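Q: First the structure, then my questions, so here it is.
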Amino acid sequence: MPGPDDERSDGLQAGLESSEGDPRVLLVLNAALSTLFAALFVWGASRLDILAFTPTTIVAVALVVFLLTHVVSRP
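Here is the structure:
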């Protein structure tokens with residue numbers, strides 16, 4: 001005998017599978033997470049004297065990460 005929780009989970013599952021989402025949200029999240037990752041990466045590389053910890057370096061690494069994840073995550 002299915003309970004009310006079963007109906008809710010089926011509805012949620014169907015809703016999640018049918019939703020294509022807003023591509024702008026994907027781009028904003030990708031940009032934010034790429035920038036955070038780039039800042040951490042450049043900070044670590046600067047501690048090892050591999051890269052300079054400058055805004056230009058962070059932006060360059062963030063752009064590379066952003067483009068790479070954008071290409072990989074395309075359907």
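In full-length UniProt numbering, the protein residues as written are 1 to 75.
Don't be surprised by glycine CBs; every beta carbon is placed ideally from N, CA and C.
Remember, predicted model here, so these are calculated numbers, not experimental data.
Do residue 36 and residue 45 come within 9 Å of each other at the CB atom, strictly closer than that value?
A: Your numbering for residue 45 matches position 45 in the sequence shown. Your numbering for residue 36 matches position 36 in the sequence shown. No, Cβ-Cβ distance for residue 45 and residue 36 is not below 9 Å.
Q: Would residue 65 pass as a contact of residue 18 if the rule is Cβ separation under 9 Å?
A: Residue 65 sits at position 65 when you count from the first residue of the sequence shown. Residue 18 sits at position 18 when you count from the first residue of the sequence shown. Going by C-beta atoms, residue 65 is not nearer than 9 Å to residue 18.
Q: Can you tell me the Cα-Cα spacing of residue 43 and residue 53, whole angstroms?
A: Taking the first residue of the sequence shown as 1, we reach residue 43 at position 43. Taking the first residue of the sequence shown as 1, we reach residue 53 at position 53. For residue 43 and residue 53, the distance between alpha carbons rounds to 6 Å.
Q: Note the first and the last residue of the continuous alpha helix (DSSP H) segment covering residue 69.
A: On the sequence shown, position 69 is the one that residue 69 refers to. Its alpha helix (DSSP H) spans residues 55-73.
Q: So, with DSSP's three-state summary, where would you put residue 48?
A: Indexing the sequence shown from 1 puts residue 48 at position 48. Coil.
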